[in-house]
Amino acid sequence: MTRTITPDRPAAAPEAPPPDRGLRRRLRHRAAAPSYAWLTAAGLTLFAVVELALVPGSAITAFGVVVCTASLALRAAWPAVGFLTVGAALLSFATDGNMAYATIAGSLIGCYTLGRHRVQHPAILVLAGSLAALTVNLVHIDRWARDGSPGLPALQGTDRFSLGLYAETLVLTVMILGAVSTGDAVRAREETRHTRAAAQSRLLEMERRQAAEAERAAIARELHDMIAHSVSVIAVRAESATYTTPDLSPPARDAFQEIAGTARSSMAELRRLLGVLRTGDDTSRAPLTAPQPSLAGLDDLLGQHRAVGGAAELRISGERVPLPASWELSAYRIVQEALTNTRRHAPGAHSVVELHYGPRLLTVRVSDDGPGPDPSGFTGRAGHGLVGMAERASLLGGALTTGRGPGGGFLVEAELPW
């Protein structure tokens with residue numbers, strides 16, 4: 001029966017982000033693109049060429065202006081190029097005495113880049129920029145003393161130490177401080193956002209892990225309530241029957257003991273499974289349990305099969321080599337499930353378990369001389385057992401074949417490469 005679940009109400013559409021936040025996000029994304037640095041550098045360089053054509057300067061000035069704007073193209077790959085950008089801007093200013101608009105924009109972007117990528121500590125960057133500004137200011141003061149300057153009186157004697165002459169240093173220092181501080185603030189905000197995102201991701205992962213652990217614990221409790229009690233009752237009743245029934249025959253007594261032993265083994269395996277479910281992947285908290293079964297325990301498995309009335313033999317061919325634990329466990333479980341199916345669907349049939357060790361391939365074959373699958377195509381053995389065996393083989397990159405054997409009966413064959 002197919003069950004369709006209809007929601008009570010349609011899911012609400014996600015709210016669109018505010019327009020201003022969306023615009024800021026798009027601008028931030030475009031500014032982070034590698035092409036953004038090249039585009040801004042090309043635009044400023046073109047503006048600088050036009051400005052130099054309108055207001056010609058010396059060759060050194062033109063060189064400084066072009067280097068200041070063109071070097072911005074490399075700031076995304078090499079943030080330290082900001083030193084060259086600012087240095088070229090101060091060189092053109094020191095030579096000409098008038099700072100071009102292109103160099104103002106270029107030097108501010110260069111200072112911002114140095115602070116944004118923290119090429120050096122912001123205090124060091126501001127101190128270095130202030131010393132460079134003071135040097136340019138001293139060059140200008142020396143030029144004013146030699147050549148004079150419109151609007152300024154002739155400099156004589158102690159006039160060189162007048163505070164008014166060092167206004168350039170103050171203005172340039174404020175500009176450098178503002179650009180570097182802005183870049184460092186943006187860097188700090190980005191780091192805070194990344195840290196917050198990483199913390200939120202860790203919190204979500206922890207919540208998912210806790211939810212999975214709670215689900216595993218619930219499954220473990222359900223399995224314990226449904227299975228553990230019944231299996232323990234089977235073990236106790238089977239073992240007590242050998243003592244409470246005085247006229248019990250020796251074969252029947254042995255059969256009851258075998259049933260009790262199988263039930264206790266099932267309880268031990270169930271406890272191991274429940275322990276794994278409760279502890280998850282944390283092996284440090286897992287209880288001490290018996291090792292996983294392997295192909296070395298096939299003799300005991302076949303002994304249990306014979307004890308309940310089945311006939312089985314083991315054949316091993318090829319050079320036996322130790323296999324990884326997953327391969328040993330899967331091969332053991334395939335044989336165990338195949339023998340269980342034989343007891344269920346062909347009681348009393350003779351089973352042959354064959355292991356063939358080939359080059360990088362283990363072939364597990366379990367056959368019996370029972371009635372085999374129905375000619376109509378129904379095997380009579382379809383269920384979770386065959387599906388589980390196929391899944392085990394598939395997980396190891398192998399394949400499982402089931403059906404009628406060459407001589408009749410039922411055949412289970414698994415190829416497990418390693």
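The numbering of the sequence shown is this note's numbering, which starts it at 1 and goes up by one.
Even for Gly, the Cβ is constructed at its ideal location relative to N, Cα and C.
request  = Please say whether V65 and L114 have beta carbons closer to each other than 8 angstroms?
outcome  = no
message = Beta-carbon within less than 6 angstroms of L288's beta-carbon, same chain only, minus the 5 sequence neighbours each way: which residues are those?
response = Because the pLDDT of L288 is 44, which lies under 50, any placement of that residue in the model is unreliable, and the question is left without a value.
ask   = Can you tell which of A218, E205 and G183 has its C-alpha closest to the C-alpha of P122?
value = G183
message = Could you check whether the region 128-145 touches the region 189-205, counting it as contact only if at least three pairs of C-beta atoms, one from each stretch, sit closer than 8 angstroms?
response = no
query = Whose C-beta lies closer than 6 angstroms to the C-beta of L119 among residues of the same chain, with five residues either side of it excluded?
reply = Residue identity differs from the one stated: residue 119 is Val in this sequence, not Leu. If we look at V119 and ignore the five residues flanking it on each side, its Cβ neighbours are P79 and A80.
ask   = With distances taken between CB atoms, is the gap from S92 to T85 smaller than 8 angstroms?
value = no
inquiry  = Please confirm whether L131 has its beta-carbon closer than 8 angstroms to some beta-carbon of chain C.
reply    = The displayed structure is made up of one protein chain only, and chain C is not part of it.
inquiry  = According to DSSP, is P153 part of a helix, a strand, or is it coil?
reply    = In this predicted model, P153 has a pLDDT of only 49, less than 50, meaning its place in the structure is not dependable enough to derive any value.
query = Do you know offhand how far S317's Cα is from E205's?
reply = 48 angstroms
query = What is the DSSP secondary structure of R118, reduced to helix, strand or coil?
reply = coil
task = Would you kindly work out how many angstroms separate the C-alpha atoms of P417 and A399, rounded to a whole number?
result = 9 angstroms
query = Which one or two residues does DSSP pair with T69 in a beta bridge?
reply = DSSP output for T69 lists no bridge partner at all.
ask   = According to DSSP, what are the bridge partners of F410?
value = R404
task = Quickly, what does DSSP pair P417 with across the bridge? List them, please.
result = L361
key: S326, DSSP secondary structure in three states   = helix
ask   = Are L339 and S351 touching if we call contact CB-CB under 8 angstroms?
value = yes
ask   = L44: which of I60, A238, A73 and A59 sits nearest, CA to CA?
value = A73
ask   = Straight-line CA distance for S265 to G388?
value = 21 angstroms
inquiry  = Taking a contact to mean a Cβ-Cβ separation below 8 angstroms, would you say A100 touches A48 in this structure?
reply    = yes
ask   = Just checking my contact of E413 with T401 at CB under 8 angstroms: how many whole Å lie between their CB atoms?
value = 5 angstroms
ask   = Would G403 be called buried (16 or more neighbouring beta carbons within 10 Å of its own) or exposed?
value = exposed
request  = Mind checking who L395 pairs with in its DSSP beta bridge?
outcome  = In DSSP, L395 forms no bridge with anything.
message = Please state the DSSP three-state secondary structure of R315.
response = strand
message = Could you tell me the alpha carbon to alpha carbon distance between L90 and G106, rounded to whole angstroms?
response = 11 angstroms
inquiry  = Below 8 angstroms, how does it come out for the region 205-218 and the region 136-147: are there three or more Cβ pairs, yes or no?
reply    = no
inquiry  = So, under 8 angstroms CB-CB, V321 and R343 are touching, yes? Tell me the CB distance rounded to an integer number of Å.
reply    = Not quite, the Cβ-Cβ distance comes to about 30 angstroms (not below 8 angstroms), so this is no contact.
request  = Please determine, among R221, P251 and A260, the residue with the shortest C-alpha to C-alpha distance to S240.
outcome  = A260
Environment of T135 [buried if 16+ CB atoms lie within 10 Å] = exposed
Local conformation of D368 per DSSP, three classes = strand
ask   = Per DSSP, E354 is paired with what?
value = R315 and R365
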